[in-house]
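Residues in the sequence shown are numbered from 2 upward in steps of one, following our numbering. One structure is given below, encoded as structure tokens.
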Amino acid sequence: VVFHNRSINNRAFGILNFSGGDGTRIRANRVFGNPTGISIQTSTDVTVARNHAFGNTLDLQWDGLGTNTFRNNHCDTSSPPGLCH
């Protein structure tokens with residue numbers, strides 16, 4: 002569980018869920034000023050919900066692998082498009 006954290010002005014990622022992080026819950030975080038705000042890579046059964054990610058080069062990123070859930074994330078930019086609300 003990654004819950005209620007702040008990640009500001011890091012060099013690469015605000016929050017990175019990478020290979021082996023299956024089943025992670027990323028919720029209610031605030032992520033600002035990073036090259037990539039929240040990134041989900043090579044993972045499955047990850048839930049990304051109710052996060053605020055703004056002012057990152059890319060606010061929310063998913064490589065399309067695995068079955069993951071994105072709900073009520075407040076952000077401007079995502080890859081693929083449509084992950085922000």
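Beta carbons: idealized from backbone N, C-alpha and C, even for Gly.
DSSP places T70 in the uninterrupted beta strand (DSSP E) bounded by 70 to 72.
Rounded to the nearest whole angstrom, the C-alpha separation of R72 and G56 is 19 angstroms. Sequence-distant partners of L84 (beyond 5 residues in either direction) whose C-beta falls short of 7 angstroms from its own C-beta, in its chain, are L61, W63, F71, N74. Where D77 is concerned, there is no enclosing beta strand (DSSP E), because DSSP gives it neither an H nor an E. Residue state for F33 is assigned as strand, using DSSP reduced to three classes. In this structure, P36 places its C-beta atom within 7 angstroms of the C-beta atom of A13.
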